[in-house]
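2 protein chains.
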Amino acid sequence: MSSKSGFRYLTAAYRSQNVVRSGRRWLQEQQYRPWQLRSLKLQPLTPVPSDIEISRAQTPKPVDQLAEEIGLLPEELEAYGRSKAKVRLSLLDRLHAQPDGKYVLVAGITPTPLGEGKSTVTIGLVQALSAHLKLNSFACLRQPSQGPTFGVKGGAAGGGYAQVIPMEEFNLHLTGDIHAITAANNLVAAAIDARMLHEATQSDKALFSRLVPSVNGVRRFSPIQISRLNRLGINKTDPASLTPEEISTFVRLDLDPSKITWQRVLDTNDRFLRKITVGQASTEKGQIRETGFDIAVASEIMAILALADSLEDMKNRLARMVVGTSRSGEPVTAEDLGVSGALAVLMKDAIKPTLMQTLEGTPVFVHAGPFANIAHGNSSVLADKLALKLVGRDGFVVTEAGFGADIGMEKFFNIKCRASGLRPNVVVLVATVRALKMHGGGPNVRLHLSPSNLSLVAGGCHSNLRKQIQIAHLFGVPVVVALNVFRTDTQAEIDLVCQLAKECGASDAVPCHHWAQGGRGSLELAQAVNEAASRPSNFQFLYNKEKIRTIAKKVYGADDIKLSPEAEAKIDYYSQQGYGSLPICMAKTHLSLSHMPDKKGAPTGFVLPIRDVRASIGAGFVYPLVGTMSTMPGLPTRPCFYDIDLDPVTEEITGLF
Amino acid sequence: MSSKSGFRYLTAAYRSQNVVRSGRRWLQEQQYRPWQLRSLKLQPLTPVPSDIEISRAQTPKPVDQLAEEIGLLPEELEAYGRSKAKVRLSLLDRLHAQPDGKYVLVAGITPTPLGEGKSTVTIGLVQALSAHLKLNSFACLRQPSQGPTFGVKGGAAGGGYAQVIPMEEFNLHLTGDIHAITAANNLVAAAIDARMLHEATQSDKALFSRLVPSVNGVRRFSPIQISRLNRLGINKTDPASLTPEEISTFVRLDLDPSKITWQRVLDTNDRFLRKITVGQASTEKGQIRETGFDIAVASEIMAILALADSLEDMKNRLARMVVGTSRSGEPVTAEDLGVSGALAVLMKDAIKPTLMQTLEGTPVFVHAGPFANIAHGNSSVLADKLALKLVGRDGFVVTEAGFGADIGMEKFFNIKCRASGLRPNVVVLVATVRALKMHGGGPNVRLHLSPSNLSLVAGGCHSNLRKQIQIAHLFGVPVVVALNVFRTDTQAEIDLVCQLAKECGASDAVPCHHWAQGGRGSLELAQAVNEAASRPSNFQFLYNKEKIRTIAKKVYGADDIKLSPEAEAKIDYYSQQGYGSLPICMAKTHLSLSHMPDKKGAPTGFVLPIRDVRASIGAGFVYPLVGTMSTMPGLPTRPCFYDIDLDPVTEEITGLF
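Protein chains in written order, with numbering that gives the first Met the number 0: chain Y, 0 to 656; chain A, 0 to 656.
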């Protein structure tokens with residue numbers, strides 16, 4: 000046997016073996032089985048090196064090997080390089096009959112400006128569950144915006160010994176989903192302005208003959224135009240049969256330039272695009288108007304990606320997006336612009352979650368990352384659904400809600416769970432000693448760490464921590480408090496937090512050392528979560544009507560709300576348009592339970608002012624604005640990019656953190 | 000043996016087999032060997048279906064199989080899904096000693112607005128060479144801009160039975176290179192405006208303490224700041240040792256807002272961004288200015304991607320990019336902004352060419368696509384270099400130059416070959432009967448086809464075709480004329496073109512039927528190219544000095560050039576700055592050999608006006624503007640997107656063409 004024919008024989012044998020295995024595996028998938036996961040060994044160093052050094056020191060498993068270990072079939076995987084792959088949605092059909100695993104949400108107390116470490120807790124927890132307790136578990140994370148990576152924020156792949164690797168792939172481009180959103184969002188914007196120009200410069204007849212051109216002597220409406228005709232109440236399919244009035248109604252969206260709500264986006268921190276004037280070239284014939292750019296993750300299309308539960312659902316949501324209002328007050332949608340099919344085409348790969356791994360070789364889905372202050376700030380419904388099937392009945396899916404629990408968790412329950420139909424089993428509430436001190440009356444932490452002070456810590460536990468636990472209980476879900484330990488925390492502080500958290504109603508409260516130790520440092524948390532998940536959860540939504548007032552009073556602790564005249568008018572308009580049943584996505588600061596960022600602890604005795612109300616109809620929520628939300632970050636005098644570099648020989652990146 | 004351990008045994012055997020094969024293959028790669036390419040069968044239909052239907056009817060080979068067939072090692076491949084993969088540049092080291100194949104450029108006569116079909120000829124030619132003549136051959140194509148795909152242009156993957164498949168992957172996102180360029184380009188733009196704001200609102204001292212912050216009590220310059228200090232002639236590394244004057248020089252780029260040449264980009268046809276005013280939000284403190292967006296492929300970073308011959312070269316070019324001029328008249332670079340390392344990081348994957356395949360299963364590199372009117376309009380140097388090694392000594396690499404030969408081919412020779420050091424063997428000059436009729440005095444073709452008319456055809460051959468052949472001969476390269484046959488062409492017309500082309504100096508001239516027949520329809524062309532490539536080529540550059548005048552007179556047929564005062568001043572400024580030796584990239588209409596789009600044939604007796612001169616210092620060329628070039632296309636009243644749709648069940652795309 001020559002080496003070549005030998006190879007062919009082996010390949011053929013391998014293939015037929017594969018067929019047998021696939022068939023058997025298909026049957027196995029219908030019931031729970033623990034994964035045969037080869038975890039990657041960690042040998043934590045002291046002091047803990049930089050995130051990129053830790054990430055680079057660990058060689059990830061080939062992603063196809065990881066996929067095989069967790070029960071994915073080769074044809075369900077689309078590799079993007081060696082360490083990340085998209086997973087096809089057909090998996091949901093294959094595992095349809097498989098029971099879901101347990102669903103765990105990681106939320107935080109009201110954070111300091113430095114954050115509480117929810118992502119590291121999430122990753123540390125799955126490292127502990129999968130690699131140490133040998134329980135199938137998946138982390139489902141948001142894809143970070145690339146813009147802030149070059150500004151002040153640094154990476155978002157976790158940190159220390161609880162990270163997604165390779166962290167540079169996680170933080171840059173990934174599999175292109177945010178780029179696809181940018182392209183789709185901006186195609187809508189270009190279509191809006193071009194359409195206004197063409198309507199302003201052409202007669203009804205000229206518009207009609209261009210919109211419904213004669214091809215080989217025949218005029219036909221495209222399917223997307225028939226949809227528009229139906230919505231206009233014109234039930235005709237022959238272009239020749241339209242009356243002049245119907246033609247005018249059909250060809251003119253008649254957008255009111257002052258009522259266009261659609262903005263352009265870029266995944267760059269470009270503050271000079273916050274407010275701009277467009278259309279100033281002579282070719283645009285004086286059709287100038289003021290508008291602006293948002294950061295790409297603030298696009299409604301990102302919120303849609305996060306909430307869609309199938310390709311068809313995403314396509315329908317994209318078509319429903321309202322981009323502005325006509326001069327007669329009617330909403331104008333992406334479908335009216337004729338662009339919604341093209342948007343679905345641009346987003347067809349973005350809808351598949353991206354598989355990566357933690358430092359200990361356990362699986363992670365990275366998918367969607369809607370802006371937490373004007374959208375709901377949670378990763379995708381589809382990633383959670385896929386992961387819940389993959390872990391199986393006794394496994395765990397751990398996902399994260401942006402900001403504090405009063406915002407991120409509330410939206411996770413009221414918006415994301417409403418869209419998905421999924422029910423959470425446990426909330427992990429992350430706290431730090433430094434934030435508890437702040438809530439107990441200490442200084443607003445930036446970089447310095449205040450000395451041990453048990454009374455400040457106790458004050459924080461009895462105010463903000465207690466309130467956030469109560470919020471979770473409003474929804475009927477048990478809470479495990481995870482104290483994210485810093486090396487400056489004293490044992491007395493740690494013990495006090497764990498004791499008081501339990502007194503405040505937490506099922507359990509444990510210190511976590513994942514940053515310094517990886518999964519081994521989160522073993523106690525993993526056990527507590529496993530225990531809490533075995534108890535019954537009585538999940539319920541918070542509201543059906545009186546939504547804004549219910550959230551303000553029950554969640555934030557306000558006495559009441561006060562609507563501006565503008566907000567009242569918008570609520571009336573949205574009710575008329577039939578949007579009254581949509582859930583609410585509050586746009587409020589995350590630095591306080593109230594609308595006043597400097598009010599720490601658990602403020603009371605305030606009235607929540609609602610400045611304005613907007614709507615993301617495709618995503619499916621109404622968002623009241625409490626104060627001013629920046630939707631485009633800027634660059635500081637010395638952005639991170641000064642330190643970011645690439646070695647052209649080794650191809651190693653430095654300066655990402 | 001259980002099925003599981005059996006599988007393990009087979010896997011292990013397969014792996015050790017692989018090691019043996021890799022070692023043997025490594026040795027084989029050092030000499031030429033014909034590929035064992037499994038070509039895909041074509042069964043052309045009549046009438047020819049739409050491009051997307053033809054593309055979808057053919058199942059591409061798995062890209063890793065294609066890669067193996069052409070001698071790539073598994074570790075040199077980074078798959079992106081099943082049908083495309085990036086190829087690592089380490090291949091160039093491995094095949095360093097391998098002789099290059101023959102290098103063929105496909106160019107066109109001055110086109111009608113509908114184009115001459117250069118891409119289809121390129122693809123038809125490699126299908127004929129590889130799948131039919133069994134000669135190793137590679138097509139190297141540009142990645143098309145995504146914006147026009149939704150506007151009027153449709154796809155760019157070839158057409159009919161000469162296409163790159165899957166055509167929807169080719170036309171949308173691909174492997175994200177253009178998205179990476181957009182991100183990098185716009186990071187530079189954000190850095191420019193943010194820096195101007197920070198300089199305008201801070202003292203020297205404040206700027207210095209932020210740009211060189213104290214970290215744990217120590218101030219240090221970053222490497223990129225030391226580079227800037229060196230260029231400023233300040234040879235110090237200790238921040239404390241700078242004099243107040245040196246601090247001021249270091250911290251202030253002092254950009255003149257009226258002399259910023261850097262524009263933002265989007266890969267969307269958004270005409271309303273051609274001219275805009277930015278900085279109008281109150282947070283930008285009145286620092287408003289006029290600027291604009293270009294289409295992403297017009298970014299200098301795209302031109303750099305196309306011309307770089309290594310990661311290090313790309314990084315150096317990115318650092319050298321000039322973004323504007325200081326108030327004292329000094330050029331300000333991306334390195335001065337501190338952003339060039341971050342740009343290299345954003346572009347680290349984009350530098351690897353993407354491997355795809357033709358309808359007949361032969362290999363294609365898709366890589367870079369600089370805008371043909373303000374840049375050089377050719378695909379990447381790196382893709383050509385990789386392909387020339389992969390095909391080996393007697394193989395063929397066929398690449399394409401945008402626009403007519405007077406622009407695309409001239410730039411290919413004078414700019415791309417100068418940068419790469421590669422020498423072309425043959426030019427394939429594409430012509431159509433309809434364009435020749437136009438040059439012979441017929442109407443400017445849009446959609447109607449004029450009837451058979453031998454005298455118009457002869458007129459076109461004796462004017463434009465003859466002149467374009469002569470231009471190729473100026474560079475010492477033999478020409479094969481490829482007549483791209485349409486079904487309305489008569490046999491007498493076809494015969495006449497082939498006869499006259501040879502009389503005008505072509506080595507050969509043949510009709511091509513690739514659109515209707517695939518590679519089989521281009522067999523005659525493949526044989527003619529193989530024959531021409533076996534003859535000696537005496538390639539030479541056209542100019543060393545008097546560059547603009549030489550191009551105008553020798554290539555375009557002008558009597559002379561006339562520089563505007565602005566153009567003269569710029570030429571003097573660029574000479575002072577040391578850019579005098581850079582090659583020239585003419586920005587001229589492609590619809591005529593002259594600057595007047597309606598002058599067809601081979602115009603004479605004109606003086607070429609040079610309105611202005613600009614420079615892309617990182618890319619490495621100076622570009623004189625002959626007339627006004629649009630760098631941002633728009634959307635028509637009824638853009639293509641009306642017909643583009645996605646079936647949510649089958650995931651099939653319709654309406655791309």
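The beta-carbon is built from N, C-alpha and C at its ideal position, and this holds for glycine as well. The structure presented is a predicted model; accordingly, all values stated were derived computationally and were not measured.
Between residue 611(A) and residue 561(A), the CB-CB gap reaches or exceeds 8 Å. Taking a Cβ-Cβ threshold of 9 Å, none of the residues of chain A is close to residue 353(Y); the smallest such distance is about 12 Å. Interface annotation, residue 276(A): in contact with chain Y, CB-CB separation under 8 Å. Between the C-alpha atoms of residue 395(Y) and residue 134(Y) there is a straight-line separation of about 8 Å. Neighbours of residue 185(A) across chain Y, judged by C-beta separation under 7 Å: 265, 267, 269. In this model, residue 223(Y) and residue 643(A) are separated by some 10 Å (Cα to Cα). Excluding the 5 residues flanking it on each side, residue 308(Y) has same chain C-beta neighbours closer than 6 Å at 380, in chain order. CA-to-CA, the gap between residue 463(A) and residue 440(A) works out to about 11 Å. Counting only unbroken stretches of 3 or more residues, the beta strand (DSSP E) elements lying wholly within the segment 348-376 of chain A are 353-357, 362-365, in sequence order. Among the CB atoms of chain A, one or more fall inside 8 Å of the CB of residue 223(Y).
The shortest C-alpha to C-alpha distance from residue 112(Y) to any of 369(Y), 597(Y), 48(Y) is the one to 597(Y). Contacts with chain Y at 8 Å (Cβ-Cβ) include residue 201(A). Under the three-state reduction of DSSP, residue 41(Y) is assigned to coil, being neither helix nor strand.
Per the coordinates, the alpha-carbon of residue 400(Y) lies some 45 Å from the alpha-carbon of residue 233(Y). Rounded to the nearest whole angstrom, the C-alpha separation of residue 286(Y) and residue 527(A) is 55 Å.
By the CB criterion at 8 Å, residue 165(Y) and residue 330(Y) fall outside the cutoff. Sequence-ordered contacts of the segment 66-93 of chain A with chain Y read 77, 78, 79, 80, 81, 85 [C-beta pairs closer than 8 Å]. For residue 641(A), the secondary structure class from DSSP, reduced to helix, strand or coil, is helix. Under the three-state reduction of DSSP output, residue 107(Y) falls in the strand class. Put simply, the segment 95-106 of chain A does not touch the segment 350-370 of chain A. Fewer than three CB pairs are less than 8 Å apart. When the beta-carbon positions are compared, residue 213(A) and residue 177(A) stay at least 8 Å from each other. Under the DSSP assignment, residue 561(A) falls in the beta strand (DSSP E) whose first and last residues are 559-562. By the Cβ test, the segment 247-258 of chain Y is not in contact with the segment 598-617 of chain Y, since fewer than three Cβ pairs between them sit closer than 8 Å.
DSSP, read as helix, strand or coil, puts residue 60(A) in coil. Any Cβ of chain A closer than 8 Å to the Cβ of residue 338(Y) would place that residue at the interface, and such an atom is present.
The Cβ of residue 314(A) sits closer than 8 Å to at least one Cβ of chain Y. Note: residue 400(Y) is bridge-paired with 377(Y) in the DSSP secondary-structure output. Take residue 211(A), set aside five residues on each side of it, and the residues of its chain with a beta-carbon closer than 8 Å to its own are 218, 219, 220, 224, 238, in chain order.
Per DSSP, residue 162(A) lies in no alpha helix (DSSP H) segment; the continuous beta strand (DSSP E) that holds it begins and ends at 161-164. Rounded to whole angstroms, the gap between the alpha carbons of residue 580(A) and residue 377(A) is 21 Å.
Counting C-beta pairs with one atom in each stretch, the segment 275-293 of chain Y and the segment 272-284 of chain A have three or more that are closer than 8 Å, which means they touch. Among the CB atoms of chain A, one or more fall inside 8 Å of the CB of residue 273(Y). DSSP places residue 256(Y) in the strand class (E or B) of the three-state scheme. Spatial neighbours of residue 320(Y) in its own chain (CB-CB distance under 7 Å, excluding positions within 5 residues in sequence) are listed in chain order as 299, 332, 333, 616, 617. Two segments are said to touch when three or more pairs of C-beta atoms, one from each, lie closer than 8 Å; by this definition the segment 182-192 of chain A does not touch the segment 398-415 of chain A. Per the Cβ contact rule, the segment 535-542 of chain Y is not in contact with the segment 493-511 of chain Y (fewer than 3 Cβ pairs under 8 Å).
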